[in-house]
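What follows is a single structure, written as structure tokens, with notes after it.
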Amino acid sequence: MWTTIGPSRINGNLGTLASGKLQALAIHFSNRSVIYAAGGLGSGGEGPLTGAGAFKTTDGGAGWASINNGLFDSVVNVLWVDQTNPNMVMAGTENAGIFKSVDGGQTWGRTAGFGSTSELVSTADGTILAATAAGIAQSNDSGTTWKLIQSTASPVRALATGGGVTIAGLKSGAVLMQSAPNAAWQTVLNSGHEVPSVAIDPSSPTIAYAVVGCCPGALFGTSNGGLTWAAVTAPTGPQAVAMSPASHLLYLAGNGSMFSTSNTGQTWTAIANAAFDIRKIFLAPDDSAAFIGTDQGLYETLNRGSTWVSLSGTASSSILTAVAVRGSTVLTAVQDFGGIVSFDAGTSWQQQSTGPAGEDGTVLINAANPASCYAYTTLGYQYSMDGCHTFRFTTATGLGVSSYVQPGGVNIVAVDPVTPSRVYAASQSGVFMSVDSGVTMTPTNWALTQATAIAVDGRTIYVGTTSGLFQTLDGGATWTRLSLAGAAGYPTTIALDPRDSHVVLVGLSQGPARGGGVLKSTNTGSSFRLVNAGLPVRDARLLCCGVDILAVRFSPESGLALATTTGAYVSTDIGEHWQDITADSVPTYVSDVAWDGDYLYAATFGGGVLRAAKSSLLIPALRAPSPPAGLSAAASGNSVTLTWNAPPSGSAPSTYVIEAGSSSDLSDLARVSTGSPATTFSASGVAAGTYFVRVRANNTAGTSAPSNEVSISVGCQAPPSPSGLRATAGSGGAVTLTWNSGGASATSYVIEAGTSPGAASIVSDTGSPATSLTTVAGPGTYYVRVRSRNACGTSGPSNEVTVVVGAASPHPSKGGGSFNAAPLWKLHNLPL
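Numbering (this note's numbering), first residue to last: 1 to 832.
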């Protein structure tokens, strides 16, 4: 589904072919063409989180392949390769523990679940140790099985071994040492700050070092096996240390520099040209090469830094916070870089000296005038009037360094589609507006500070702030605070339906797992409701930045895309249902989405820009159908035919389910699938009886509620004749008739009365299965019978009784005294 288009081989200010963060590295030193690399959190103070997953090269770094089949946690902190078998490799991940591959990374299986794993090291006897959240784990069978050999109250972040001694650094600031295999672990330092990197001299293992804290960190050293520690004066804020087993040099790296010392830090020698944000140092066993994992990718030097060679090759591992696309121009906001742009649809990438300065934030291209581009980064709001080639800062106070709200989403710059020369920017100090396509920004007087998102449609404007959502319908003259239906979080992204101005969608800083998610209004913001169907109720694997819902974007046609920390989603019914389209994307943290032409683009944390064809995405989600309607039934002998109307909504049924019961709402007699989507069904050989029938629609998404219910009698007969008819005459012409039931199948009774035996001058259907009736009759003599009736016919008569009312007349005329059955008998002449 997704294709990675970069950034990769970034031509930038460093003069190298850079990539995004890759801090994990495993090199098969007997064949340096085989290298494994990955991006994750690392061992603590190793910069931004990334979900880049794992990569492999077999040509020394020119071309890289993503190798994540079975590696279901893409936040990979550390890699290890067996130096005797380059196909045996392990990965330590941030959330899921330790994974192992025996086929060079083609497939992975999890072998331990000790939580966050940040270091894997080998001892001289082949034992493998792991730094995990639960403590120090050990494997004696090349990582197939593990056991915890030292539990710790705080996660172990760093681990090093040499000369039989092992040193570990903990998140709590403690440093542990083991003086020999199987010896007890001793706490030798309590620094109070996280220890992300440690090193030990394998030839003199009483000498060890620990980096304490971050940004900047400090370096401590011991020369007596940890009995005492002293601060070591470092030439830069240390982020990583490593000890050469051959030359016994200690290497130290920070942000933009790298040094070595041969005399325990008394003097330092600069490693030239290491102008990278270095997170990890890897040294060849013979000290012939040094490798570094940085926020700008992987690098190698064979001459102690005189020259550095990028190993990142085709790897796309950039951490992006936003993407904007128009035609062949792809503009990104990137962590640890200024804005990176491609002018050839992702074939090549540049970090221009005239491009957007500062990292993170958002980018936008004016849809009505693609020559106008915008970037709002940590260094402030910037604009370009030459198609994203040259960017300039605004002079407006309030849109400068660190001025946008963090954490936030991507909708902090907006273009009015009605008047595209009107451009808006949302900042901590309020909302700014431009009437010259974003060149000159002027603060509004709207008194809406801590603005997190803005969406515009002419004079209708929505502004999200950390305290709520506000709306104006008159261009900002008056504002209304809108109710967010009690949902948790503040607005971080707002989308207005270009086809229906009444429809508004709002993404919240807190996702469904925390009581928020996506809100929808169909009445121009008068009311909102949560529309989270299809969104997972769980936290993201990569926890970063404090915002769950980052971007919601309408396509020019009918689609809607959503970027969240748990993945990318689309909706074909304006947010009522969401489909997960993260699919084969390695990173699951998607920070932005953008529609252009036939494609949807996604900005990811660790995978750069992904692209997918709309045709593969905008497929209506399969949903359970609504109930069928208009069910009717007909019987002929022992055959039954049912017909109904297809469901008016939901996805189309693949089959229908017929339910039949012995009474209303039951399905105790039959439940049969029709096996087809046809809206008629026939059955023969149906046993005689009365059935109460309903039909339900079904597809793979579910089964509908039942249709209307009909009753049908199959192979039925008229009910038996009633018996025991009795008549009692009372005062005032009252007559009460009672009889014995004509059987359970009788649904009503027919009263016949005549002026002579067997005559039926008066016929009335009771309309009820009751077996008694009281009415008033005029004076006279009546000969009365009763018959049973149901849908199949009328029975023979019961016994006949003679009823004398008032002054009897042997043979009253037809027009004489009347036997008044109305309204109880509903007198009418009925053919029998």
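No residue lacks a Cβ here, since even glycine has one placed at the ideal position from N, Cα and C.
These numbers were taken from a predicted model, which means no experiment stands behind them.
Asked                                                                                                                                                                      : Found
Just list the residues that DSSP pairs T703 with in beta bridges.                                                                                                          : N698
With DSSP as the reference, identify every bridge partner of C388, one or two as the case may be.                                                                          : BP columns for C388 are empty, so no partner.
Is the distance from the Cβ of T132 to the Cβ of S116 below 8 Å?                                                                                                           : yes
If you draw a straight line from the alpha carbon of D592 to that of T111, how long is it in whole angstroms?                                                              : 34 Å
By how many angstroms is the C-alpha of V463 removed from the C-alpha of V570?                                                                                             : 24 Å
Comparing alpha-carbon positions, which option in I35, A54, A697 and V805 lies nearest A284?                                                                               : I35
Express the C-alpha separation of T643 and L833 in angstroms, rounding to a whole number.                                                                                  : With the chain represented from 1 up to 832, any question about residue 833 goes unanswered, as that position is not in the structure.
Helix or strand or just coil, what does DSSP make of A808?                                                                                                                 : Here the model assigns A808 a pLDDT of 47, short of 50, so the residue's position is not dependable and the matter cannot be decided.
Is it the case that the stretch 626 to 645 contacts the stretch 21 to 39, given that we only count it when at least three CB pairs across the two stretches are under 8 Å? : no
Applying the criterion that 16 or more other CB atoms from any shown protein chain within 10 Å of the CB defines a buried residue, is L830 buried or exposed?              : With a pLDDT of 31 at L830, under the threshold of 50, the modelled position of that residue is not reliable, and no figure is offered here.
Strictly by DSSP, which residues pair up with P536?                                                                                                                        : Partner(s): none; P536 has no beta bridge.
Hey, V805 and G778 are a contact pair by Cβ (cut 8 Å); roughly how many whole angstroms apart?                                                                             : 7 Å
Runs of 3 residues minimum, wholly inside the stretch 467 to 491: which ones carry the beta strand (DSSP E) assignment?                                                    : 468 to 472 and 480 to 482
Could you tell me the distance, in whole angstroms, from the CA atom of Y374 to the CA atom of N523?                                                                       : 31 Å
Can you tell me whether S731 is helix, strand or coil according to DSSP?                                                                                                   : helix
Which runs of the alpha helix (DSSP H) spanning at least 4 residues fall entirely within the stretch 391 to 415, listed in chain order?                                    : none
Over what stretch of residues does the beta strand (DSSP E) that includes N255 continue unbroken?                                                                          : Taken as a continuous stretch (DSSP letters only), N255 belongs to no beta strand (DSSP E), as it is neither H nor E.
Have a look at the DSSP bridge pairing and note the partners of L227.                                                                                                      : Paired residues: none, contrary to the question.
Pull the bridge partners of I581 from the DSSP assignment, please.                                                                                                         : None, per the DSSP bridge assignment.
Measure the CB-CB distance between A414 and I454 and report whether it falls below 8 Å.                                                                                    : yes
Can you look up P86 in the DSSP assignment and give me helix, strand or coil?                                                                                              : strand
Report back the beta-carbon spacing between P491 and L469 to the nearest angstrom; my notes put them in contact at under 8 Å.                                              : 5 Å
Only counting the same chain, and skipping five residues up and downstream in sequence, which positions put a Cβ closer than 7 Å to that of S151?                          : A134 and G135
In angstroms, rounded to a whole number, what distance separates the CA positions of N638 and G661?                                                                        : 17 Å
By DSSP's criteria, G754 is part of a beta bridge. Which residues make up the other side?                                                                                  : Y783
Check whether the Cβ atoms of S318 and G63 sit closer than 8 Å, and answer yes or no.                                                                                      : no
In whole angstroms, what separates the C-alpha of G398 from that of P443?                                                                                                  : 8 Å
Note down, in chain order, each residue of its chain lying with its Cβ closer than 6 Å to the Cβ of R789, except the 5 sequence neighbours on either side.                 : S748 and V750
Counting only the same chain and skipping the five closest in sequence on each side, list residues whose C-beta sits under 6 Å from that of D295.                          : K21, G47, D277 and D336
Among A513, G515 and L484, which residue has its Cα nearest to the Cα of L505?                                                                                             : L484
Inspect the beta-carbon positions of A137 and L79 and report whether they are closer than 8 Å.                                                                             : no
So, using beta-carbon positions, are M258 and A246 closer together than 8 Å?                                                                                               : no
Would you say the stretch 71 to 78 touches the stretch 87 to 100, given that touching needs at least three Cβ pairs under 8 Å?                                             : yes
If you follow the beta strand (DSSP E) that M433 is in, where does it begin and where does it stop?                                                                        : G430 to S434
Look at the alpha carbon of S834 and the alpha carbon of V710, and state the distance between them as a whole number of angstroms.                                         : Residue 834 is absent from the model: the chain starts at 1 and stops at 832.
My output table needs one value for R304: the three-state DSSP class, helix, strand or coil.                                                                               : coil
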